[in-house]
Structure formats: structure tokens, C-alpha cells
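Going by our numbering, the first residue of the sequence shown is number -11, and it counts up by one from there.
We treat Cβ as the ideally placed atom computed from N, Cα and C, and that holds for glycine.
First the structure, in the form of C-alpha cells, and then the observations on it.
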Amino acid sequence: MARLAWTRLPTADGAGAGAEGPGPVPASPSSAGYELFAGGVESLDYEVIENYAYREEQAQRSKFWVPYYVMLKWLFSLLIGVGTGLAAIFINLAVENFSGWKYAATFAIIQHSYFVGFFVYIVFNLALVFSSVYIVTNFAPAAAGSGIPEIKGYLNGVDTHGILLFRTLVGKIFGSIGSVGGGLALGKEGPLVHTGACIASLLGQGGSAKYHLSSRWVRIFESDRDRRDLVTCGCAAGVAAAFRAPVGGVLFALEEVTSWWRSHLMWRVFFTSAVVAVVVRSAMNWCKSGKCGHFGSGGFIIWDISGGQEDYSYQELLPMAIIGVIGGLLGALFNQLTLYITKWRRTYLHKKGKRVKFYCSKDNEYNDLATIFFNTQDDAIRNLFSAKTFHEYSAQSLITFLVMFYSLAVVTFGTAVPAGQFVPGIMIGSTYGRLVGMFVVKFYKKLNVEEGTYALLGAASFLGGSMRMTVSLCVIMVEITNNLKLLPLIMLVLLISKAVGDFFNEGLYEVQAQLRGIPLLDSRPKQVMRNMSAKDACKNQKVVSLPRVSRIVDIISVLRSNKHNGFPVVDRGQNGESLVIGLILRSHLLVLLQSKVDFQNSPFPCGPGILNRHNTSDFVKPASSKGKSIDDIHLTEDELGLYLDLAPFLNPSPYIVPEDMSLAKVYNLFRQLGLRHIFVVPRPSRVVGLITRQDLLLEENGNNVTTELQSTSVRLHFPDESAAAAAAAVMECVIGVVGRDFAVVAADTSAVQSILVHKTDEDKVMVLDSHKLMGASGEPGDRVQFTEFIQKNLHLYQFRNNIPLSTAATANFTRGELATALRKNPYYVNVLLAGYDSDVGASLYYIDYIATFHKIEKGAFGYGSYFCLSLMDKLYRPDMSVEEAVDLVDKCIKEIRLRLVVAPQNFIIKIVDKEGAREYARRAYTDSPPEAATSEAATVAA
């Protein structure tokens, strides 16, 4: 375990827990460690858990893994586009044909009997709507609504249970067919966004295991981060399929649903949208031959008004601005009414559970109100957008339709059917927009004014006032109308309608997210957060921590007593203080408790060999978001008394902030990085380094992983063996001598890197047990980690077998661990192991970082060895007394200090004999180098 401890735990008066002892501490129900909200809403873990299993898996990946990973991303982008396009084609074919059959039957029967025709029309619609309701309520409850608020929450870091399941996808597709085909005042565009997200998520997890539609070879995107990218592609594909607007789909994903963005994702999202456009265009060309039944040009939304109004006058800007104001007011009112009605429906309706006649007096007449009501919404919008159709609609008909359809849309939105709001919003906006256009035509009689142009602007204004989108909606409207000349006008009404709507309330999706209990993080922190610190935000919480080696019964107690998702893990430092060493997730604890393979009898830490039992896929949370529960864990009384070492499975580098950091900065960090936990710690006492932009501009080489993958190991990696040896042979000195029934090990106490001295009180000679010493040199992190690992394993062996391990066996064990690590992630550590055994006496072993192993009588490591080995050859005798051996060590120390460029100031000398291992003496020197120790030393050195 790397001994990188960021902070001491807060004291009890600082709302901390765990500082008084290693045992678990009860949690407060108000703690925010586990963000579980009402309705099964849970935060996502977008942070990479850089535990030992993750690092080992990264180290074992071949050079072909990265190309395979990138290739699979692009393949999935292609499949998402194809799948979403096919789903959109199927939905549109079904809706158009059901609507065609319905209207054909109604019009045929109504010629003979109005009441029978009306009855057939009602029965047809009820059958379709009730089929949609049945599918949603009994098969896929998560398919209700548009799904955009839930997907927006998912990409914001909040997961709602069931929104990306296979049954939700099926329910969304068939429910949309029933609800839209049944004539409800809603659209299929929002559900198509949800459909694309479901397809992307199912591809990322390899299919659906529940329905036996899965494949293991594609299960490479197992983390929430990878799934987030795929779901973003699915959202863009849904918009591109709904509106045949690939650029609008990309901008919709960028502006409306995602909380973060990067260039690599933009490329794949654009590719996915382009694939959707090709698939939809191919389907439309195929259907032109008449093979698709009633499916015609209105099947996919495209209202070509390129032949409409060519120019506009400045005199028209005022009525156009009025359209923007009307759109903002009606949009804000729509959002508020849907909120109130949905709340009322949940509160009262769930607990309890005038006829309009259309006729024509003559055969060559038509009823303008019937052309809107008795038509699919797509075709009705096409009629409203039509150019050169003056006096096609009367003001009375448009006002009647506006009032009725607006009321129906308000009541319908929020019911238990898949419901989109794009097309109903366009219907409402185009209706009052055409009304304003009719007024402009009458008022400005000499201008070349098209009523359809104002209908388009009205549609954009209502969507802007309701959904509060600007850039993406502007591009979508331009793409679906094929008229770039109207772009400035669309921009004008969108800006006005959004500004007016924002004055009253939030956008439709934000309001619906709040209603569903989805805690979205806005793009900007609240103003009050700038006057608060991180400590203020968590001052009423109690930190629930776990010791590194925890009893199983204690872990079970902590998991049952609170709902936290993450727990700080603490360990004891060299001076006995509590240090935070990482974060362990609740889901990981449940996996370990269920597997039971890591349980141990000893309360001492184990080594990295335990990692062979697990890989990162074992800890992947299923896409259903349920995961494992503490109620699924069944343990015996004997198992509850065992222990579990958490070090190999924790995240050793979670994000931390000082307690006095502004809460606004914490908010931005939390949201932009997609975090679930941030440690709040006291201000650090010292700085170990400073990273600048230049430090992050690393050169790529053949051994580094490239292309969207980052190395997360904390150890140094060297491009070749010579550089590794140079790192191991830093300017430090370890000396070992075996005498008559004793062994002496000495080392400098400087923590150095190259010519920089960081510390002068580092003890590099560890007492492994009562009769063993280990002097080590090398990379500081590896040295401390490896020597402690060996020490803990010796304690564990003695605890289990009631006898200590011999010096020779310890040396072989040490060599074996170095050799094992050499194949994966080597320890750059050189070791002199000294010990005393009652049967063989004192012994000394030489082991370097590449597992070279020798039993020796004298030896040294570090640059100092170049100056003292010859002196030891000259003066060493096997029968030396303790005083003589220490004198030899002193001579070596003085020679080292005389000749080494960076002379260590202090040395520590330890001895092991039949009385045990202990410190013998310390040597402290001034900064000035000493004179030659003796004439013998000077002669030998010469």
C-alpha cells in the first residue's frame, strides 16, 4: 500500500469520525456520502477507481487493446446510428399506417352515418391509446413521458432505475406507436431520444442478460464513463432520426442534455447522426415506390418551405418580436400548468382512479378546422407552414384549435404513455404564429408576406419559450424547413421567447426533472455558494470511516446502519496517527462480502497477491442500477468473525479539497468532472510539488498507452533497464556486515532524489520481527511499500503458525515477491536482509530489484557502495566483534561522506543477534565533509 496519506482525519469537534480509533463509526442519516433520492434515483460513479485490480489490468493489456478499444467505439457509434434509424423507421411506418387506416375507415363510414363514423373513430383511438397505457403500466413503467429529463439526469450524473433497460426500449417503441397513432396531443420525437439512449446503453453492456440477448465479446464499456459517451451518441441519434436533422442532433446533445463535452466525443456523435440521416433517407427513398402502405412524405418530419417568402421588411420585425413574446408567455404558462396538473394527478387522480361537428355543405368545399384535427400532426403542421395559401384558415378556426389543442397538450403531458413535446409545441406555436401572420397580411397590404413564415416563427417561439433551447433548436428548425434565409428571424424569436420564459420559470425538462425527483446540477452554482466554504456544506455530517483491515461483522453493521455509497479508509501511520489512505465504495464492499474469497483470519494487512482473485469486471455495476443489496449477503457466525483487508480494492486517489475552499469552486469541480464524492480535508501542511502546463505535455513513446486512455499508476515507469537501475541507485547508502553471531545493518537517513534532499530523518532499516532487519534502498514509495508488505506478511505467518519464519525462508519469500512484481509492475528496491536463527546463527542476504539473490558476509547498495566495498574487502574479518564491525561501518561512512557528491548527514546503525534486533547507534555529521578517516582508508580509496 502506497504510503501517500493526504491528511489526518478531522477531530471530533470538526464533525469527523474515525480519529479516535480504527473501528467503524455510526452514521448520521443526513450524511451526503450516499446520494440516494426518492424514487430509486442514485448518483453515478464517473470517477475511475484506480485500485490495484484496475492497475494490474491496465498493466496486463497488450498493445493491441487500444486499437481494439477505439475500433469498438466507432463500431458502436455506427450500430447506434443504424439501430436508432431503424427504430424511427418502424415507429413512423406504424403510426402513419394506423392513422391512415383510421382516417380511411372514418371517412368511408361517415358518408353514410356520422354517429357510426364518430364511434369507429373513438374506438380506434381508444384501442391504440389503451394499448400504449397497458404497455407502460404493466410492462415498462420507465417508458412513460418523453424520457428526456431522465436521460438529461443520467448525463448529469444521476441514474433513475429502469430507464435504459431492454423492456423500456420495447415499451417506448410500441407505446409511442399507440399514443401518437391514437391522436393524443403529443409527439414521438422525445421518445425517440430515449429510444436512442436505450439502444446505446444496451450495446455498451453487451445486450440484455435477462432476455438472453447478450454477447461477452463487446462487454468492454463497463464503466459509467464509457456508457455516458454511448448514451450521448444515442441522444443525438434520436433527434437526428426524429427531425432528419443530423447537425441539430449534435447540437441538441451538446446544449440540452450533456453536462460536459470533449472533442473526441463530438466526432463520434457527429458520425452517429450522419449514419442516422443516411438510414432514414434510404428508407424514405424505398417507401416512395408505395411499398410502405399509407406511409408518405409526411412520415418523417420535413416541412420544406424553401419556396415561400423570399425576403422580409424591417416593418415585420415588430410583429415577429411579438411572436417571440407570445411564445415565451405561452411556453412558461405551459410549463407551469403541466407542473400543477401532474402534481394534481399524482395527488388525487391516482388515489381514485361538447361534441365538435365537421361538415361541408358542398362537394367542392373543405373544412379548415377538420384539416387540422382530422390529420396526423406532421401533415397538419405542413398545412400550417404552407406558403401562398392566403385565406386557407379562418381566424375563428385557428383560435378554436389553439385553445383546444393547448388544453389537450397540457392535460395529456405527464400521462402514463410515451409522450414527446416537440411536435405538439410546433402545432401550438404554428397556430398562433399563423394568426399573427394573418394580421400582418391585413395590416401591411403591400408587403410580400407569407402566413406560413409566421407559423414557422411561432413554432420556434413556443419551443424556445417552453424548452429554452436556442442554438440546437435554431439549427433543427432550419434543417426541417430547408430555408436558411429565415435563420436571423428564427434566432430573433428564440432569443426573445427564451428571455421572457426565463423570467417566469425554468425550462420544461428542468421542471419535469424536479417533479420526478431528479437532482440536476445546473451549469452555474448559486450565488450564495460563493459566500460558503466546503466545510460549511458538510459541517452537520458525520464521517463514517472503516479501518484498512476491518472485521466482517463491523462492515455489515456499517452497511446496514446507513445508505452511504463511499467510505473513507484509514490506517495507522508510523507514529500511530490515523491517516486516510483511500475511498472504498459500497458496491465494492458488497461484491467482496458476497464472494468471501478475501476473508482472512488475521487482523494484519495482506499483500498484492490477493489481486489475482478479482478483476475490474467483478465490480461493475449493472446497467439496471440495482446492483447488490446488503440483504443479499448471507454469512455464518464464523465468517462474521473474520477480517477483510480493504487496501487492494479502495480508490487510493479520490478527489480532495481543502475545507476553506469556496463552495462555488467545489460545485464546478464536482459537476465538470462528474464526481460522486469529494473529500473535505484540513488545509495541507506542506507542498510536495507544483504541476504546470509544461509538466502535462509529455512525449509519447512506444511503451505509453495512447488515445483516450490515461495511465493511472503512481509508480515510476522507466523506458529501459538502465534508467530503472539509475532510479534504484539513488544517492543513498545501505551497508551490511556479518560478524561473530551477529549482523550489523547501517543506512543513511536522507530521503533524496538525484541531488535534492527532501528529508534527513528517514529510517531505511526496518525491524521485520524480533530477530530480523531489512535495509532497503531505491525509489522511496516502493521502498516503504515493499518493506511494510514483507513485515506484515511475516507477522501474518507467525500469527497463523505460532512460529517465526527463518531468515533464509524470509529471503526466499522476499526474492519471490520481487520476481513476481518484476513481470507486472516492478518494485525498484534493493535489499540487505539480516537475521539471527538459533540453529544457524547470523546471516546476511543480498537481493536487488531484479530478484538477484546471494547469501553474503558483507555488502552495500547505493552510490556509496562504490566507495566502501573496497574498504570492506581490505578490513573485514569473519570473526569480528561488534565493536570492530561498527568501527568498520564508521570508516565506510566517513569514506562515503568524503567522496559522495551529496554527502548524507546522518546514519543509523542497527544490530541483530541472539538478544534480538535493535538500534545500536546513530551518527550525525555537520555539513562540511570530514577529513580522510584513516591512512588505511585513504590508501585503499587511492
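- Take G105, set aside five residues on each side of it, and the residues of its chain with a beta-carbon closer than 6 angstroms to its own are T94, I97 and I98, in chain order.
- Beta-bridge pairing by DSSP links R887 to no other residue.
- Residue pairing of R560 in beta bridges, as defined by DSSP: S566.
- About 4 angstroms separates the beta carbons of S418 and A443, which is inside the 8 angstroms limit, making them a contact pair.
- Looking at the backbone, the Cα of L863 and that of R728 are separated by about 15 angstroms.
- Annotated as distal: E30 and N550, with beta-carbon spacing of 9 angstroms or more.
- Taking the CA atoms as reference points, K160 sits about 59 angstroms from R788.
- Here G677 is exposed. Its C-beta has fewer than 16 other C-beta atoms within 10 Å.
- The DSSP-derived three-state label of V726 is strand.
- Each residue's CA atom was taken as its position, placing N656 and E35 some 15 angstroms apart.
- Partner residues in a beta bridge of M868, as assigned by DSSP, do not exist.
- Going by C-alpha positions, R49 is about 11 angstroms away from P55.
- Straight through space, the alpha carbons of I139 and A225 are spaced by roughly 13 angstroms.
- When DSSP assignments are scanned along the region 26 to 106, the uninterrupted stretches of alpha helix (DSSP H) that are 4 or more residues long and fall wholly within it turn out to be 40 to 48 and 53 to 98.
- With fewer than 16 other Cβ atoms inside 10 Å of its own Cβ, F52 counts as exposed.
- Here A241 is not near V264, since their CB atoms are 9 angstroms or more apart.
- A residue is called buried when at least 16 other Cβ atoms come within 10 angstroms of its Cβ; T775 meets this threshold and is buried.
- For the region 147 to 229, the continuous alpha helix (DSSP H) assignments of 4+ residues that do not extend past its boundaries occur at 154 to 169 and 177 to 192, in sequence order.
- The C-beta separation of P814 from Y837 comes to about 6 angstroms, placing the pair in contact by the 8 angstroms criterion.
- Of the candidates I544, G561 and L573, the residue whose Cα lies closest to the Cα of D619 is I544.
- Taking the C-beta atoms as reference points, V870 is found no nearer than 9 angstroms to V726.
- In the three-state DSSP reduction, V668 falls in the strand class (E or B).
- In its chain, beyond the 5 residues on either side, H746, K747, E750 and P768 have a beta carbon closer than 7 angstroms to the beta carbon of A739.
- The DSSP-derived three-state label of Y851 is coil.
- Distance from the Cα of Y394 is smallest, within the candidate group R803, V463, G804 and F322, for F322.
- Residues A839 of the same chain have their beta carbon placed closer than 6 angstroms to that of A807, with the five preceding and five following residues left out of the count.
- The three-state secondary structure of I414, taken from DSSP, is helix.
- Rounded to the nearest angstrom, the gap between the Cα atoms of D606 and N39 is 13 angstroms.
- By alpha-carbon distance to I123, the top candidate from F112, G135 and T156 is T156.
- Of the candidates G570, T183, L153 and V755, the residue whose Cα lies closest to the Cα of I165 is T183.
- Under the criterion of beta carbons closer than 8 angstroms, V546 and V558 do not qualify as touching, at roughly 13 angstroms.
- The residue among Y643, M517, L578 and I311 with its C-alpha nearest the C-alpha of A487 is I311.
- At a Cβ-Cβ threshold of 9 angstroms, G236 and I464 count as neighbours.
- Within the same chain, G135, I136, I139, C223, G226 and V227 come within 7 angstroms of V181 by CB-CB distance, once the 5 residues on both sides are set aside.
- About 6 angstroms separates the beta carbons of E883 and L859, which is inside the 8 angstroms limit, making them a contact pair.
- Looking at the DSSP output, R256 shares a beta bridge with no other residue.
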